[in-house]
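What follows is a short report on a single structure.
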Amino acid sequence: MVNTSPVLNTYPLSGYTFGTKEPKMEKDTSVADRLARMKLNYMKEGMRTSVEGILLVQEHNHPHILLLQIGNTFCKLPGGRLKPGENVGHLTYANFSYSAEIQGLKRKLSSKLAANSPALHPDWQIGECVAMWWRPNFETIMYPYCPPHITKPKECKKLFIVHLSEREYFAVPKNLKLLAVPLFELYDNVQTMSELGEQLIFKLELEIERVYVTLDLL
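Numbering (this note's numbering), first residue to last: 9 to 226.
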């Protein structure tokens, strides 16, 4: 489902149930390996398109963002690379643009956070795309715009708001941890945010304020 509401409701963390499922191993053991694989895939498929979801909950009357932790320090938003064909097709509706990317994000969210039984899968409601980042070269640095001199960027990463219902069941791979991190802590722990970077943290807060976060205090 696509949710075009300008209001983003967050609900208490206590309303969510967390379980585990089989480990989901990373394809690469180092950043260098990941960039090398990205280069190989680029030669076969062209620019990489990836999508990530911003899932917010509430704890102590403050919005928290859900992050997957790999190891002791590496954290990232749930999501991943789209398959060839998932980044094509585009339709505009009520000032909201969506495409096959939405289905790709749902697939990635289910892979990372849903139980094995389809009956227990959350009804992922994908909202607005609030950030778009570009990787000009096969390097770790990304920009919130495509530099004008770059005609063949290597990756485009899109971040979408995900509207959660009041109660959900999440199943997390055993080799990962799902953390609920208060937004104010992100400023002091930028190094744990992988490629997101400090600029993206500011972008997230500005966008979250723009879509009018509502805290359910009942």
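Glycine is no exception: its CB is placed at the ideal position from the N, C-alpha and C atoms.
Since this is a predicted model, take the numbers as computed values, not measurements.
Same chain, Cβ closer than 7 Å to residue i, neighbours up to 5 away in sequence not counted
i     : result
Arg56 : Met46, Asn49, Tyr50, Arg89, Lys162 and Glu163
Gln77 : Cys83, Leu184, Lys185 and Leu187
Among the options, the one whose alpha carbon lies nearest that of residue i
i      : options                           : result
Thr159 : Arg175, Lys165 and Trp142         : Trp142
His129 : Tyr177, Gly93 and Lys166          : Tyr177
Lys114 : Val170, Glu174 and Ser125         : Val170
Pro31  : Met140, Gly135, Gly112 and Ser119 : Ser119
Phe168 : Phe26, Ala44, Gly54 and Leu64     : Leu64
Phe146 : Ala40, Glu60, Thr81 and Phe26     : Ala40
Straight-line gap, residue i to residue j (C-alpha atoms, nearest Å)
i      : j      : result
Lys185 : Asn69  : 23 Å
Val180 : Thr28  : 5 Å
Leu191 : Pro156 : 32 Å
Asn103 : Arg42  : Confidence at Asn103 is low in this model, with a pLDDT of 37, below 50, so the placement of that residue is unreliable and no value is reported for it.
Gly93  : Ser107 : 11 Å
Val15  : Lys52  : 41 Å
Pro86  : Ser58  : 11 Å
Leu194 : Glu67  : 15 Å
For residue i: DSSP bridge partner residues
i      : result
Ala139 : Leu167
Ser80  : Here residue 80 turns out to be Asn, not Ser, going by the sequence shown. DSSP output for Asn80 lists no bridge partner at all.
Phe26  : Phe178
Leu75  : Leu187
C-beta neighbour in chain D for residue i, strict 8 Å
i      : result
Pro155 : No chain D appears in the structure shown, which is made up of a single protein chain.
Environment of residue i [buried if 16+ CB atoms lie within 10 Å]
i      : result
Thr18  : buried
Val138 : buried
Lys35  : exposed
Contact set for residue i: own chain, Cβ-Cβ below 8 Å, skip 5 residues either direction
i      : result
Ala122 : Leu128, His129, Pro130, Phe178 and Ala179
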